[in-house]
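Encoded as C-alpha cells, the structure appears first; notes follow it.
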DNA sequence: TATATATTTAGACAAATGTCTAAATACTAT
DNA sequence: ATAGTATTTAGACATTTGTCTAAATATATA
C-alpha cells in the first residue's frame, strides 16, 4: 500500500491515471499530454507500474499502458475506515 | 488535494490518523506510540494539520489532536472515479 | 544495411522530505 | 521566582524525488 500511496503522491501521475481511465494509451501519447521531457514521463510511468497501478503491453515499437485499479482497494479501505 | 496526498504519503502519519480515529490524543500521547524523537512526531503532526487532516485544541500545557476527515472527500472521489 | 521512430536507461543536479539534537516557548506547581 | 513538563521551532544532515540531457535499446521502413 505504501508503494501505491507513493505513486499517487504526484500530480502528473494522478493525471496519467485519469487519462488511462478513459482509454489505453502508448507512452508517447501520454508524454504528449505533458509539458515535460519524455524520460520524465517514462519515469512516472515506471513508478505507476512498480505500484501496480498500470500494466503494459508491448506492440511493436509501441508500449501501451493500461490502468489497473485493483491495487487501489487497500487505499480505499484505509480512507473509508478513517471516515467511519 | 495535493496537500492531503502529501500528508498521506508517510506510514507514520497514516498511523497517527488511525490512532486519532479511535480517540483524540495529546501530542505526547501520540509521540509515545512511536519509536521516534518527539520533534519528528511534531513535524508529522504539523504536516497533517497543514493538510487539514487534524485539528488542535490547546488545553493548558497540552495540545489535543483530533482527526478531521472531511478533507478526505476529494481523495475518495478521485479514487472512486478511477475505479468507475 | 542504414535511418527514423518509440521508449527506456544512465547519470547529474536541485529541491523536497524525514530524522535528529539543541534551544525556545508556554504552562504548572513548588 | 524556580524548576519541571509538554510541545514546538531552528538548524543540520542524509535520503528520496523529480527533472533534465545524452545515450542505449528495440522496432519499423526505405
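Chains as they are written, first to last, in this note's numbering: chain Y, 1 to 84; chain R, 101 to 184.
All C-beta atoms, glycine included, are put in the ideal place defined by N, C-alpha and C.
Bear in mind that the values here come from a model prediction, so they are computed numbers and not experimental data.
Query: Does DSSP classify residue 155/R as helix, strand or coil?; Result: strand
Query: State the DSSP-derived secondary structure class of residue 64/Y, mapped to helix, strand or coil.; Result: strand
Query: Leaving out five residues on either side along the sequence, give the residues of the same chain with a beta carbon under 7 Å from the beta carbon of residue 119/R.; Result: 125, 130, 133
Query: Taking only three categories from DSSP, how would you classify residue 69/Y?; Result: coil
Query: By how many angstroms is the C-alpha of residue 122/R removed from the C-alpha of residue 85/Y?; Result: Any question about residue 85/Y goes unanswered here, given that chain Y covers just 1 to 84.
Query: Residue 11/Y: which of 57/Y, 1/Y, 44/Y, 37/Y sits nearest, CA to CA?; Result: 44/Y
Query: Which value, in whole angstroms, describes the spacing of the CA atoms of residue 175/R and residue 83/Y?; Result: 12 Å
Query: Nearest by alpha-carbon distance to residue 61/Y: which of 1/Y, 27/Y, 2/Y is it?; Result: 27/Y
Query: Check for me: the alpha helix (DSSP H) holding residue 146/R runs from which residue to which?; Result: 138–150
Query: With C-beta atoms as the reference, is residue 180/R less than 8 Å away from residue 167/R?; Result: no
Query: By DSSP's criteria, residue 26/Y is part of a beta bridge. Which residues make up the other side?; Result: 64/Y
Query: Looking at chain R, is there any beta carbon in it that lies within less than 8 Å of the beta carbon of residue 79/Y?; Result: yes
Query: Run through DSSP, which three-state label would residue 34/Y get?; Result: coil
Query: With respect to the alpha helix (DSSP H) encompassing residue 2/Y, which residues constitute its N-terminal and C-terminal limits?; Result: 2–8
Query: Thinking just about the alpha-carbon of each residue, which of 36/Y, 42/Y, 50/Y, 14/Y is nearest to the one in residue 63/Y?; Result: 42/Y
Query: Taking all protein chains shown into account, decide if residue 157/R is buried (16 or more other Cβ within 10 angstroms of its Cβ) or exposed.; Result: exposed
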